[in-house]
Amino acid sequence: MTDRREFLVSLGAAALAACAPNATIPLPPGELLGMNHTSAHRLLGGIGGAPQATRRTGVVIVGAGVSGLSAAWTLARAGIDDFLVLDLEDSPGGNARAGHSPLTAYPWGAHYLPLPGRDAVYVRELLAELGVLIGDPAAERPRYDERYLCAAPQERVFKDGLWHDGLLPQRGRSDDEWEQQQRFQARMAELKQARGRDGRWVFALPMALSSADAEWRALDRQNFRDWLNGEGFTSPALHWLANYACRDDYGTDYAQTSAWAGLHYFACRRGHGLDAADDAVLTAPEGNAWLVAGLARHAAGRILTDALAWRIEAGQRQVAVDVLHGEKTLRIEAGRLIWAAPAFVLPRVWPAMPGTLREAALAADYAPWLVANLHLSALPQERHGAPPAWDNVLHASSGLGYVNAMHQTLRRQPLGTVFTWYRALHDLPPAQARQRLLETPRETWAEGILRELEVVHPDIRRLCTRLDVFRYGHAMRRPIPGALFDGHRGKLTAFRHPRIALAHADLSGFSLFEEAQYRGVEAARQVLAAARGSA
-16 MTDRREFLVS
-6 LGAAALAACA
4 PNATIPLPPG
14 ELLGMNHTSA
24 HRLLGGIGGA
34 PQATRRTGVV
44 IVGAGVSGLS
54 AAWTLARAGI
64 DDFLVLDLED
74 SPGGNARAGH
84 SPLTAYPWGA
94 HYLPLPGRDA
104 VYVRELLAEL
114 GVLIGDPAAE
124 RPRYDERYLC
134 AAPQERVFKD
144 GLWHDGLLPQ
154 RGRSDDEWEQ
164 QQRFQARMAE
174 LKQARGRDGR
184 WVFALPMALS
194 SADAEWRALD
204 RQNFRDWLNG
214 EGFTSPALHW
224 LANYACRDDY
234 GTDYAQTSAW
244 AGLHYFACRR
254 GHGLDAADDA
264 VLTAPEGNAW
274 LVAGLARHAA
284 GRILTDALAW
294 RIEAGQRQVA
304 VDVLHGEKTL
314 RIEAGRLIWA
324 APAFVLPRVW
334 PAMPGTLREA
344 ALAADYAPWL
354 VANLHLSALP
364 QERHGAPPAW
374 DNVLHASSGL
384 GYVNAMHQTL
394 RRQPLGTVFT
404 WYRALHDLPP
414 AQARQRLLET
424 PRETWAEGIL
434 RELEVVHPDI
444 RRLCTRLDVF
454 RYGHAMRRPI
464 PGALFDGHRG
474 KLTAFRHPRI
484 ALAHADLSGF
494 SLFEEAQYRG
504 VEAARQVLAA
514 ARGSA
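Taking the numbering used here as reference, the numbering of the sequence shown is continuous, increasing by one, and the terminal residue is 518.
Here it is as structure tokens:
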């Protein structure tokens, strides 16, 4: 069993000391939630059994996360409505699902989308369809609905007893810190405009559009921390920022993150908007669930939840997928299959999967995550410094901070709010971290989270009426050094089969909305092209 004290200590000694006055206040009620690992783990022991019913469809899509719903969106926009989307969970959305309270919606995962650049064609088309991007989706600086542009102040960090604007505190900064920060920003601006010898952006989004120049791809063989030191960036503040960025986007410590991936975080985004800063983000109280809802509208009535795909058989004329739906086995017979679930699951369900593809699917590991939603009866007391922001980061914490679901509201004094707190379990080997997720009770997580937040909000325990915790055992594929361009990921992206197409952000090597959507759209386009070719 996970040691309670060990977990609490990992949140920081300062957090432990700060909570003493509130130690007698009982923990708020709540639930311990998570992806349906119980059903998924049944794959390990095998399921078996003859199907009790058969259903036919043109295309079956396994996975109703962003990739699977983007595939459905693409098929529907092409006039294809003969498809069925399967998902293990009780609702679609994957890592971008949301919860709802009488006060507000709130995210259970991904919570923002940076302004997309012109390369993110599919993202811009979706935003235009939803009315959030106004005008020509291909414009250099389109207009965005201000209701979805994150209201200022956007972010702040708590360090040395004060809240600071932005993520790089300015107070007490030495001349050397200032020089290094300026040089780092200039270097990232330079890399944003850098092109490889093939004429493509060195760092593009989606990443599949990035340069294939071997000189630049060699960055994948070293870690991001070593790259910073090699370039003379030794500033503790810069190293903290780089590590925070890698933990936030990849769930991985920067010393274990590919330098290519680390630089991609800072240099891939070239989105602009009218009346919006270039670093602006699109968000809503429910996080990215509004994007998922927009995609899912095109699959209305064709999503089957609580459905575990446990066996795939691909023939010359069709593909059969055996599904455990409740306690009954259903066989789906389809002309084609789009696999939009994590790649590592596919070898478990497709016995005839080619060996090289099987090896590639199993070649990577996944970052475990913890997300908690704290329902508050009123806004909590503030420490000094920068005013409340949407994204609030604690510098001396193993967590990633929290976002305020009511930040976008026009109500000046909301009756309460929901804080969504995030932590990537980057400080443990992934398998060990997953074991901790399985074994640690909600009360231990809740106590540690409240103790951490009491450092900055002394009365938060008293105001917290509910605290739910959500566990992600395999939240995202980890872009460790060598993982992006060592050949395994390339085997996944190059795979072609007359009946099966692969989607999911795993094909990109890391999980971002733009990547997941791109892979889903491209898989659907493969299916459409194959259907035209066989017609």
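For every residue, glycine included, the Cβ atom is placed at its ideal position computed from N, Cα and C.
{"Check": "For Ala169, the first and last residue of its enclosing beta strand (DSSP E)", "Outcome": "Per DSSP, Ala169 belongs to no beta strand (DSSP E); it is in the alpha helix (DSSP H), Asp158 to Lys175."}
{"Check": "Validate contact between the stretch 74 to 86 and the stretch 228 to 245 using beta carbons, cut 8 Å, 3 pairs", "Outcome": "no"}
{"Check": "Local conformation of Pro4 per DSSP, three classes", "Outcome": "Residue placement at Pro4 is flagged as unreliable, the pLDDT there being 46, under the threshold of 50; a coordinate-derived value is accordingly withheld."}
{"Check": "First and last residue of the uninterrupted alpha helix (DSSP H) at His440", "Outcome": "That residue, His440, is in no alpha helix (DSSP H); it is neither H nor E in DSSP."}
{"Check": "Beta-carbon gap between Gly51 and Ala326 smaller than 8 Å", "Outcome": "no"}
{"Check": "Unbroken beta strand (DSSP E) run spanning His457, endpoints", "Outcome": "Cys447 to Arg460"}
{"Check": "Residue interval of the beta strand (DSSP E) (run including Glu316)", "Outcome": "Lys311 to Trp322"}
{"Check": "Beta-carbon proximity check, Gly399 vs Leu359, cutoff 8 Å", "Outcome": "yes"}
{"Check": "Exposure of Pro337, with buried meaning 16 or more beta-carbon neighbours within 10 Å", "Outcome": "exposed"}
{"Check": "N- and C-terminal bounds of the beta strand (DSSP E) containing Gly82", "Outcome": "Ala81 to His83"}
{"Check": "Inter-residue spacing [alpha-carbon to alpha-carbon] between Val306 and Ala121", "Outcome": "41 Å"}
{"Check": "Distance between Trp223 and Leu211 (C-alpha atoms, nearest Å)", "Outcome": "11 Å"}
{"Check": "Those residues which DSSP pairs with Val45 across a bridge", "Outcome": "Leu69 and Trp322"}
{"Check": "Beta-carbon spacing of Thr266, Tyr105 below 8 Å", "Outcome": "no"}
{"Check": "Three-state secondary structure assigned by DSSP to Ile527", "Outcome": "Lying before the first or after the last residue shown, residue 527 is absent from the chain, which here runs from -16 to 518."}
{"Check": "Alpha carbon of Gly270 to alpha carbon of Gln299, nearest angstrom", "Outcome": "42 Å"}
{"Check": "Val328 (DSSP reduced to helix, strand or coil)", "Outcome": "helix"}
{"Check": "Interface flag, Arg515 vs chain C, CB-CB below 8 Å", "Outcome": "The structure shown has no chain C; it contains just one protein chain."}
{"Check": "Pro12, buried or exposed, once every other Cβ within 10 Å from all chains shown has been counted against 16", "Outcome": "exposed"}
{"Check": "Enclosing beta strand (DSSP E) for Asn387 [first to last residue]", "Outcome": "Gly384 to Asn387"}
{"Check": "Beta bridge counterpart(s) of Ser241 as assigned by DSSP", "Outcome": "Asn206"}
{"Check": "Span separating the alpha-carbon of Asp258 from that of Arg126", "Outcome": "7 Å"}
{"Check": "Ala290 versus His378, Arg314, Glu498 and Arg280, residue with shortest Cα-Cα distance", "Outcome": "Arg314"}
{"Check": "Identity of the residue in Ala317, His247 and Ala279 nearest Glu296 by Cα", "Outcome": "Ala317"}
{"Check": "Close-in-space but distant-in-sequence residues of the same chain around Leu202 (CB under 8 Å, 5 per side omitted)", "Outcome": "Trp210, Ser241, Ala242, Trp243 and Leu246"}
{"Check": "Contact belief for Phe453 with Val376 at Cβ below 8 Å, rounded distance in angstroms", "Outcome": "Wrong, their Cβ atoms sit about 20 Å apart, outside the cutoff."}
{"Check": "Own chain partners of Leu446 with C-beta closer than 7 Å, once the 5 adjacent residues on each side are dropped", "Outcome": "Leu359, Ser360, Ala361 and Pro363"}
{"Check": "Coarse secondary structure for Pro370, derived from DSSP in three states", "Outcome": "coil"}
{"Check": "Collapsed DSSP secondary structure at Tyr233 in the structure displayed", "Outcome": "helix"}
{"Check": "Segment limits, beta strand (DSSP E) that includes Thr217", "Outcome": "Counting along the chain, Thr217 falls outside any beta strand (DSSP E), and DSSP gives it neither H nor E."}
{"Check": "Straight-line Cα distance separating Ala191 from Arg502", "Outcome": "9 Å"}
{"Check": "Supposed close pair Ala488, Ala499 - CB separation, criterion 8 Å", "Outcome": "4 Å"}
{"Check": "Nearest-angstrom Cβ-Cβ length linking Pro462 and Phe493, presumed shorter than 8 Å", "Outcome": "5 Å"}
{"Check": "Limits of the unbroken alpha helix (DSSP H) element including Thr339", "Outcome": "Gly338 to Ala344"}
{"Check": "Cα-Cα separation between Pro9 and Tyr227, rounded to whole angstroms", "Outcome": "32 Å"}
{"Check": "Whole-Å CB distance - Ala507 paired with Ile321, under 8 Å assumed", "Outcome": "7 Å"}
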